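Undergrad: I'd like to ask some things about the structure below.
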Amino acid sequence: MTCPQCNETLNLLAINTTDGKEKNIYECLDCGGHFLENYLVNFISTETAHNIDSVLPKKHNQLRSEIKCPHCGQIMFAIQDDEGIPKTVTVYNCPNSHGDFFPKGDLLYFKKAQDAKVNYHKLWGIPLKTAFAVIIPLFILFTSVTVLPSLIREVNNSKETRIKASELTSTPLVTPLSDTEVLISFSTSNQVTTKIIFVSGVNKTYTVSETPDTNHILQVKGLAPSTSYKYIIVIDPLGKNIQTGQYTFSTP
1 MTCPQCNETL NLLAINTTDG KEKNIYECLD CGGHFLENYL VNFISTETAH NIDSVLPKKH
61 NQLRSEIKCP HCGQIMFAIQ DDEGIPKTVT VYNCPNSHGD FFPKGDLLYF KKAQDAKVNY
121 HKLWGIPLKT AFAVIIPLFI LFTSVTVLPS LIREVNNSKE TRIKASELTS TPLVTPLSDT
181 EVLISFSTSN QVTTKIIFVS GVNKTYTVSE TPDTNHILQV KGLAPSTSYK YIIVIDPLGK
241 NIQTGQYTFS TP
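Heads up: the sequence shown begins at 1 in full-length UniProt numbering, then just goes up one per residue.
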């Protein structure tokens, strides 16, 4: 694939995410830009972003008037007027949801701003619902999701129920606030009530959204450092509980 900015060949780079997975991103050694799959930036640490963005570009190219997706060739649009993206940072998104492009330096700037905003909310005790503004928008995840009532009618057994729940929720973002505290956030295609049930590491159920909503955030305290946890999300559309499969994260 070629770089959206300078049209040079992109190099594959393996990284570790904050939820313990290995992912690949694309790096341009000529201009220093990076192409990440959709929303992956929400799952990398600032330290990882620093290491990634430390590449010394061979060239200092000006941004082209048209930034094109390396997957489909469609013109990528700059995410603007969104409270999750600082005004000093440029993020380009593929209209076909293939990924996000960060020009040289903007990946690290975004992660630093993300950390600062999370810490600000924690320090001042601002209601956590507003902390959803620290991540790149998730609503695009549901452009291909079937309408909720039709999904519910198709649920015939517990296995299918778990599959449908995963289709209705975004992949959760786990943001460590300390070695004993995390912020779990996710979104749903429709307004629903939600709860999280821990099935490993601790046996506890948390109510996330008591009233129907599309943005869901839970602050979990009192966890053990350097410990792996597993949990499921339960959504309640139209009075019927639907469970996702298990998700895993580890505390620092």
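Note that the Cβ used here is the ideal one computed from N, Cα and C, for glycine as well.
These numbers were taken from a predicted model, which means no experiment stands behind them.
(1) Where does Ala49 sit, in a helix, a strand or coil, going by DSSP?
(2) In three-state DSSP terms, what is Phe249?
(3) Taking residue 253 as the reference, which of Leu36, Phe198 and Asn24 has the closest Cα?
(4) What number of angstroms, rounded off, separates the C-alpha of Asn203 from the C-alpha of Ile196?
(5) Roughly how far, in whole angstroms, is the beta-carbon of residue 336 from the beta-carbon of Ile67, given that I think they are within contact range, below 8 Å?
(6) Could you check what DSSP says for Asn42 in three-state terms: helix, strand or coil?
(7) Please classify Asn42 as buried or exposed, where buried requires at least 16 neighbouring CB atoms within 10 angstroms.
(8) Taking its Cβ as the centre, do 16 or more other Cβ atoms sit within 10 Å of Asn241, making it buried, or is it exposed?
(9) If you draw a straight line from the C-alpha of Thr207 to the C-alpha of Gly32, how long is it?
(10) Look at the alpha carbon of Gly73 and the alpha carbon of Glu8, and state the distance between them as a whole number of angstroms.
TA: Taking the coordinates as given:
(1) Residue numbering aside, residue 49 sits at position 49 when the sequence shown is read from its first letter. Looking at Ala49 - three-state DSSP - the assignment turns out to be helix.
(2) What you label residue 249 is simply residue 249 of the sequence shown in a count that begins at 1. Correct three-state label for Phe249: strand.
(3) Any answer about residue 253 is impossible in this case: the structure gives the chain only from 1 up to 252.
(4) Translated into the one-based positions of the sequence shown, residue 203 becomes position 203. Translated into the one-based positions of the sequence shown, residue 196 becomes position 196. Their Cα atoms are separated by approximately 11 Å.
(5) No statement about residue 336 is possible, as the shown extent of the chain runs from 1 to 252 and does not include it.
(6) In the sequence shown, residue 42 corresponds to position 42, counting from 1. Three-state DSSP puts Asn42 in a helix.
(7) As a working note, residue 42 is residue 42 in the sequence shown. Result: buried.
(8) Here residue 241 refers to the residue found at position 241 of the sequence shown. Exposed, by the Cβ-count rule.
(9) Within the sequence shown, the letter at position 207 stands for residue 207. Within the sequence shown, the letter at position 32 stands for residue 32. Rounded to whole angstroms, Thr207 to Gly32 spans 43 Å at the Cα level.
(10) Residue 73 sits at position 73 when you count from the first residue of the sequence shown. Residue 8 sits at position 8 when you count from the first residue of the sequence shown. So the two alpha carbons sit approximately 14 Å from each other.
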